[in-house]
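The structure appears below as structure tokens.
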Amino acid sequence: MDAVMFIWRVNTTLKRWAPSRVAFLNAMFCLQIDAAYNKFFPNKKAYELPDFLLGYGRGELPSHGRTDQVWGVDVDHLYFLLFVNGNHWVTVCINIIEKKVEVFDCGGRKNRQYVEKFAAMIHRIVKAVAPPERQKHLLLASYSIVDVPMKMILNKFCCDYGAYALKHLECHLLGIDFSLLDDEIIMGCIQKIDVDLWEAAHDPIYVEAMTRYVPSPWEREEVFDLGD
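Here the numbering used here is used: the first residue of the sequence shown is 24, the next is one more, and so on.
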């Protein structure tokens, strides 16, 4: 999952496709938001955002494919995949402009309990990294949550959640009709994902991007505590 997100970050940075004001986040981000929310929830007024979360807001993280694009200034949409209920993946799109969290689940389930943490935390990061003249106009109000309905129940064999999550993200990003995705073509989609990963591994542009990788200050620590 994270490998595909890296490819899309590089595609965006190098303008290999039309989307530009977007950010692709990784699994570590989801774990860190979860840990931060557990500290934030008991005492919201006293909570202070850790600097590594601001690093995401400034585009310094994820460090692989670093963009340096600031949320709410250079970025309007955040995309990531979220593992829920211990058994499947969903797509999450956070619309900073409309202040909402959209969840795409091929099984048509409700996932509010899994994304409330993002609705509560993202706007705080956006406000914290905003230019001073903008900060005073940004309210600390949780984003709304939308479980996007599916036209049909997909993934009837319960083994392709990851592929559906990736393709739903791609469809939303590129403005492609979601109804084109179904169980009849998902195997072809999986093969296309495999081919994209293989081609990226042999693409000199991606290889060169990896040679310029510099770990963030938070990744240089010998021990990293997810609870911090």
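By construction, the Cβ of each residue, glycine as well, lies at the ideal position given by its N, Cα and C atoms.
Please read all numbers here as calculations on a predicted model, not as lab measurements.
Item to complete: Note down, in chain order, each residue of its chain lying with its Cβ closer than 6 Å to the Cβ of R44, except the 5 sequence neighbours on either side.
Response: V98 and D99
Practice prompt. Quick one: residues in its chain with C-beta nearer than 6 Å to the C-beta of S165, no 5 flanking neighbours on either side, listed in chain order?
Written response: A142 and A143
Worksheet entry | Exposed unless 16 or more other CB atoms sit within 10 angstroms - verdict on P85 | Buried, because 16 or more other Cβ atoms sit within 10 Å of the Cβ of P85.
Item to complete: Report the three-state DSSP secondary structure of W94 (helix, strand or coil).
Response: strand
Discussion item. I'd like to confirm the pairing. Which residues does DSSP put opposite T234 in its beta bridges?
Written reply: T234 is not bridged to any residue.
Discussion item. Given a cut-off of 7 Å on the beta-carbon distance, is the pair L252 and K190 in contact?
Written reply: Residue 252 lies beyond the residue range present for the chain, which begins at 24 and ends at 251; the question has no answer from this structure.
Worksheet item: For E125, which beta-bridge partners are listed by DSSP?
Response: C116 and V169
Worksheet item: Would the stretch 68-78 and the stretch 114-131 be scored as touching if the rule is three or more Cβ pairs under 8 Å?
Response: no
Discussion item. Which residue marks the beginning of the beta strand (DSSP E) containing L104, and which one marks its end?
Written reply: H100 to V107
Item to complete: Note the first and the last residue of the continuous alpha helix (DSSP H) segment covering A186.
Response: Counting along the chain, A186 sits inside the alpha helix (DSSP H) bounded by residues Y184 to L197.
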